Amino acid sequence: MAFYNLPIWLLLLLIPLLFFLKKIMNLKGLKLQLPPSPPQLPIIGNLHQLGALPHQSFMKLSQKYGPVMLLKFGRIPFVIISSAEAAREVLKVHDLDSCSRAQLTGSRKLTHNYLDIAFAPYGEYWRQMRKISVLELFSLKRVQSFRFIREGEVASLMNSISQSASSATPVDLSEKIFALTGSIVFRMSFGQNFRGSNLDNQKFEKLVHATESIVGGFTTEECFPYFGWIIDRLNGYHAKLEKVFHELNTFFEKAIDDHLKPERMTIDQDQEDIIDAMLKIMKDQTKSDQAWLTKDNIKAVLLNIFLGGVDTSAITVVWAMAELARNPRLMKKAQDEIRNCIGKKGRVTEDDIDQLPYLKMIIKETLRLHPPAPLLLARETISHFKVDGYDINPKTLIQVNVWAIGRDPKYWKNAEEFYPERFMDNSIDYKGQNFEFLPFGSGRRICPGMNMALITSEHALANLLYCFDWKLPNGMKEEDINMEEATGVSLTLSKKTALDLVPVNYMQ
């Protein structure tokens, strides 16, 4: 039948219909080039291939299936990035396409409002919070304002270790360093010591680790939405979830209420902590028609500081000390640099750090070999794009395996060796533009607390090396130091066993 035999009104109806059918046929014929994927099992997908240390499992799989790899965890599609080139495409070229976060669902979404806010997807709220974090909460000026806290807590730690040195008693450096960074973050955020709160150091540490284990992965319900909630109920996940976040909420609520008391509102600006700064912003916004910051938003910021600010610096210092204890030559080289620079001053101050280039190399090498967050926080894609020629669909989660990239012999000579000198006369840094070295991430989601984390780690390590010589406990050899990584679901990667060393006072 020819078109000219049809009535004009029917032609007008058929033309758009034909265009629509042609588009449908084209879409059906279009084959997406998805990233390669290991064989999947029904329902569970690739979960059976996920070991106790996911970043290591991902690296082994990527060696077979490539640096851009598609996995399914139940219903959740994951793309794992394991090369600097692919990381650059995701974090720089397609940063805007992949800068959102998966929203919490099920029980985690319903627990507390501040938990949902802390994991907000990309949007106007996230942009506002990012702006406040960069310009107010973690600005260079704010970081410098907390210097007296860091130096005071480091001095207290050195005094404590000195007492153990007098009796040649081994020191659990893992516990000591966590207590240090916990105290710094506690005072910086809440304006008080552990002693002035309802959380002692050990309870605080347990709470931080419990929080990390809960938010560090996905619930069974999120992977298997039709029946997973039953498993979560049976294994006690719901009860643990409620207990942890109720405890956090109670503590945050009390801390904020204490800061709202009239006597607190009159403190000087140089005495402000994070809650003071946030309350001031909240007060100022009420004068406008665009008030958006609430107490739940402040709790969300405090939660993110808990997760990102306590473990990371402590982990870096512990791994650095473990590597130096295994390499006495490197330990002596670092101590000689510090002691020749500082002389008999008695303590390393933050002003001294820039005069200690080898110390900075040690921190860099530690972050390369033992990144505190081995997998960057998962990003959720907003729109379709390609990485390394493969199609990445919207609503796909992407994780960059910075642990694997940092150990890739393609980018690093003798990649498994702890060798700080590799950063000598080397322009590679951790600011997110060198994609073979991404301990703090890159792009819109780069860690806003990077400066705070670095100065805390450098200052603590410098004083540990300056104030003490370090020996292994009786009968122990360098090769006996356990360098295994701790297992379990967590955002961070700590040493499996505590680091016990015997301090010897350098200045009697």
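Residue numbering for the sequence shown follows the numbering used here, starting at 283 and increasing by one per position.
From the three backbone atoms N, C-alpha and C, an ideal C-beta is built for every residue, glycine too.
Just so we're clear, the structure is a prediction, and the values are computed from it rather than from any experiment.
Exercise. DSSP puts Pro-359 in a beta bridge; with which residues?
Worked result: For Pro-359, which the question treats as bridged, DSSP gives the partners Lys-354.
For this session: Quick one: give me the first and last residue of the beta strand (DSSP E) that Asn-787 is part of.
Result: In the DSSP assignment, Asn-787 falls within the beta strand (DSSP E) that extends over 782-787.
Problem set entry | Helix, strand or coil at Glu-718 [DSSP, three-state] | In the three-state reduction of the DSSP assignment, Glu-718 falls in the coil class.
For this session: With DSSP as the reference, please indicate the residues paired to Lys-668 in a beta bridge.
Result: Looking at the DSSP output, Lys-668 sits in a beta bridge with Asp-673.
Problem set entry | Buried or exposed by the 16-neighbour rule on C-beta atoms within 10 Å, applied to Asp-707 | With fewer than 16 Cβ atoms within 10 Å of its Cβ, Asp-707 is classed as exposed.
Exercise. So is Met-307 buried or exposed if we call it buried at 16+ other beta carbons inside 10 Å?
Worked result: In this prediction, Met-307 scores a pLDDT of 45, lower than 50, which makes its location untrustworthy; the coordinate-derived value is nonetheless stated afterwards. Exposed is the call here.
Exercise. Using the rule of at least 16 other Cβ atoms within 10 Å of the residue's Cβ for burial, across every protein chain shown, is Lys-581 buried or exposed?
Worked result: It is buried - the Cβ of Lys-581 has at least 16 other Cβ atoms within 10 Å.
Exercise. Since Lys-753 is in the beta strand (DSSP E), which residue starts that stretch and which ends it?
Worked result: Per DSSP, Lys-753 belongs to the beta strand (DSSP E) from 750-753.
For this session: Report buried or exposed for Ser-442, applying the criterion of at least 16 other Cβ atoms within 10 angstroms of its Cβ.
Result: It is exposed - the Cβ of Ser-442 has fewer than 16 other Cβ atoms within 10 Å.
Exercise. Using CA coordinates, which residue listed in Asp-751, Phe-340 and Ser-415 is at the minimum distance from Lys-615?
Worked result: The alpha carbon of Lys-615 has as its nearest neighbour, out of Asp-751, Phe-340 and Ser-415, the alpha carbon of Asp-751.
Problem set entry | Nearest-angstrom Cα separation, counted from Pro-507 out to Lys-310 | Because Lys-310 sits at a pLDDT of 44, beneath the cut-off of 50, its placement in the model cannot be relied upon, and the point is left open.
Exercise. Just reading off the alpha helix (DSSP H) that Gln-617 is part of, what are its end residues?
Worked result: Per DSSP, Gln-617 belongs to the alpha helix (DSSP H) from 610-624.
Exercise. Distance, Cα to Cα, Val-599 vs Leu-743?
Worked result: Straight-line Cα distance between these residues: approximately 6 angstroms.
Problem set entry | Residues bridged to Gln-681 [DSSP beta-bridge criterion] | DSSP lists Ile-362 as partners of Gln-681.
Problem set entry | For Thr-532, the first and last residue of its enclosing alpha helix (DSSP H) | In this chain, the alpha helix (DSSP H) harbouring Thr-532 covers 519-541.
For this session: Report all residues from its chain with a CB closer than 6 angstroms to the CB of Leu-542; omit the five preceding and five following residues, and keep chain order.
Result: Short of 6 angstroms from the beta carbon of Leu-542, and not among the five residues preceding or following it, lies no beta carbon of its own chain.
Exercise. Could you give the distance in angstroms between the alpha-carbon of Gly-327 and the alpha-carbon of Val-630?
Worked result: Computed Cα separation, rounded: 52 angstroms.
Exercise. For the region 717-737 against the region 671-678, are there 3 or more C-beta pairs whose distance is under 8 angstroms?
Worked result: The region 717-737, when compared against the region 671-678, does not touch it at the 8 angstroms Cβ threshold.
Exercise. Among all the DSSP beta bridges, which residues are the ones paired with Ser-382?
Worked result: Bridge partners of Ser-382: Glu-662.
For this session: Rank Arg-726, Ile-644 and Asp-618 by C-alpha distance to the C-alpha of Leu-606 and give the top, closest one.
Result: In terms of Cα proximity to Leu-606, the closest of Arg-726, Ile-644 and Asp-618 is Ile-644.
Exercise. Any idea what DSSP makes of Leu-775, helix, strand or coil?
Worked result: For Leu-775, the three-state secondary structure derived from DSSP is coil.
For this session: Indicate the three-state DSSP secondary structure (helix, strand or coil) for Glu-575 in the structure shown.
Result: Just to set this straight, residue 575 is Leu in the shown sequence, not Glu. Residue state, collapsed to three classes: coil.
For this session: Apply the 10 Å Cβ neighbour rule to Asp-566 and answer buried if 16 or more other Cβ atoms are within range, or exposed otherwise.
Result: Per the 10 Å Cβ criterion, exposed.
For this session: Assign Ser-595 to one of two classes, buried (16 or more other C-beta atoms within 10 Å of its C-beta) or exposed (fewer than that).
Result: Only buried fits Ser-595, as 16 or more other CB atoms lie within 10 angstroms of its CB.
Problem set entry | Contact under 8 angstroms by Cβ, Arg-661 with Ser-380 | Yes, the Cβ-Cβ distance between Arg-661 and Ser-380 is below 8 angstroms.
For this session: Please confirm whether Val-526 and Ala-492 have their CB atoms less than 8 angstroms apart.
Result: Yes, Cβ-Cβ distance for Val-526 and Ala-492 is below 8 angstroms.
Problem set entry | Contact set for Ile-624: own chain, Cβ-Cβ below 7 angstroms, skip 5 residues either direction | Cβ neighbours of Ile-624 beyond the five flanking positions: Val-630, Asp-634 and Tyr-748.
Exercise. Shorter than 8 angstroms from the beta carbon of Leu-773 to some beta carbon of chain B?
Worked result: Absence of chain B from the displayed structure is noted, only one protein chain being present.
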